[in-house]
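Numbering (the UniProt record's numbering), first residue to last: 1 to 290.
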Amino acid sequence: MTPDDPGYPHAARSAPTLAALDAHLVDCRACPRLVAWREHVAEVKRASFRDDDYWARPVPGFGDERAGILVVGLAPAAHGANRTGRMFTGDRSGDFLFAAMHRTGLANQPTSVSADDGLRLTGIRVTAPVRCAPPDNKPTPEERGRCGPYLAREVELLGATVRVAVVLGGFGWQALLSTLAEQGWDVPRPRPRFAHGAEVTLRRAPGAAGDDRGTAGDDPGASPHDGPGAVHDGGPGGPAQTLTLLGCFHVSQQNTFTGRLTPQMLDDVLLRARDLAGLGAPRLPRDRRP
């Protein structure tokens, strides 16, 4: 099967590790409109980036491979991740997101400018339901569906450690709920609606997909970041049995410049995610406390 075949993403379901998933994903050309746009943007460029070599390929997830928290966005930005090759890197949205992660003890630095800038995430990983930059930041439902196997497999491979999903916006909320329903999680009907501050805990149905160890180590029943007293609901050798979704307005400039999403609002969501994931309170110097 060639990378431009519409069925190419489905082969990702057999990827044994996150690294194998990423290697498959970056070659994907299954959505003609997205391929044309990502490559057009890389050719014409923005004036401020005219000397940059654009990535112009699908963008893998980024962060801790044994994360307790998964952040689900929308899609790469044309001159952000489509340029740098790393999620939420090289644009204002990423600046806002990673500054909050730094304030809450989840990132080693507050900036994210390039794929080789030394940024490291601890206990958290960022991904998106659509992996190529879409025109006007608006992927179609068909493109979301075609890209779905990548998100599904990433969720499965992280299933041993992830306890919380922070979902940035309604598009990612619906995409993740669809993925979890297909994997056999008990998603309520009607489906929970997205809202900032929404909190929904799902349970894994008996026999549901996701019993994958992937890169998650010797005891996938427990997050490697769990604090004292955390509940390891997956049990020895199994995936977590609950997943809590936290809704958060997207970190787009439309939301952050208007004050619809403030730094404190995002900090509060990430701190709640830390608590639910068993990461404990961040130990921060006074000047970094949220």
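Each residue gets a CB set at the ideal place from its N, CA and C atoms; glycine is no exception.
Can you give the Cα-Cα distance for residue i and residue j, rounded to whole angstroms?
i, j, result
"alanine 273", "phenylalanine 96", "17 Å"
"histidine 232", "threonine 2", "For histidine 232, the pLDDT reaches just 40, beneath the cut-off of 50, and the residue's location in the model is therefore unreliable, although a value from the coordinates is still provided. Whole-angstrom Cα-Cα distance: 41 Å."
"valine 155", "glycine 148", "11 Å"
"leucine 176", "lysine 45", "31 Å"
"valine 251", "methionine 265", "11 Å"
"alanine 205", "proline 188", "12 Å"
"glutamate 142", "threonine 104", "36 Å"
"aspartate 4", "asparagine 137", "22 Å"
"aspartate 218", "glutamate 43", "Any reading at aspartate 218 must be qualified, since the residue scores a pLDDT of 40, below 50, and its modelled position is unreliable; the value itself is stated next. Cα to Cα, aspartate 218 sits roughly 45 Å from glutamate 43."
"isoleucine 69", "phenylalanine 249", "17 Å"
"proline 129", "tyrosine 150", "8 Å"
"phenylalanine 257", "alanine 152", "32 Å"
"glycine 280", "glutamate 199", "19 Å"
"proline 134", "alanine 77", "8 Å"
"arginine 191", "leucine 18", "29 Å"
"proline 282", "glycine 7", "43 Å"
"serine 14", "glutamine 253", "37 Å"
Give the secondary structure of residue i by DSSP, where H, G and I count as helix, E and B as strand, and everything else as coil.
i, result
"phenylalanine 257", "coil"
"threonine 179", "helix"
"glycine 247", "strand"
"arginine 283", "coil"
"valine 71", "strand"
"alanine 115", "coil"
"tryptophan 185", "strand"
"arginine 57", "coil"
"arginine 204", "strand"
"histidine 24", "helix"
"alanine 152", "helix"
"proline 147", "Checking the sequence, you will find cysteine at residue 147 rather than proline. The answer is helix: DSSP assigns cysteine 147 an H, G or I state."
"alanine 30", "coil"
"serine 48", "helix"
"arginine 274", "helix"
Name the DSSP bridge partner or partners of residue i?
i, result
"phenylalanine 62", "Val126"
"alanine 107", "Leu121"
"threonine 17", "In the DSSP output, where bridge partners are listed per residue, threonine 17 has none listed."
"tryptophan 173", "Tryptophan 173 is not bridged to any residue."
"glutamate 199", "Leu246"
"alanine 165", "Leu70 and Leu245"
Please check the pair residue i and residue j, which I expect to be a contact at CB under 8 Å, by giving their CB distance rounded to whole angstroms.
i, j, result
"alanine 100", "leucine 243", "Actually they are not in contact, since the Cβ atoms of alanine 100 and leucine 243 sit about 22 Å apart, beyond 8 Å."
"alanine 75", "cysteine 28", "Going by Cβ atoms, the distance from alanine 75 to cysteine 28 rounds to 13 Å, so no, they are not a contact pair."
"valine 26", "proline 60", "7 Å"
"leucine 246", "valine 126", "Not quite, the Cβ-Cβ distance comes to about 14 Å (not below 8 Å), so this is no contact."
"leucine 276", "arginine 163", "6 Å"
### Message
Check whether the segment 38-51 and the segment 107-116 touch, using three or more Cβ-Cβ pairs below 8 Å as the test.
### Response
No contact exists between the segment 38-51 and the segment 107-116.
### Query
Does the segment 23-41 come close enough to the segment 51-71 to have 3 or more Cβ pairs within less than 8 Å?
yes
#### Entry: the segment 112-128 in contact with the segment 62-74 per 3-pair CB rule at 8 Å
yes
### Task
Would you check if there are 3 or more beta carbon pairs closer than 8 Å linking the segment 176-187 to the segment 81-93?
Contact fails: fewer than three Cβ-Cβ distances are below 8 Å.
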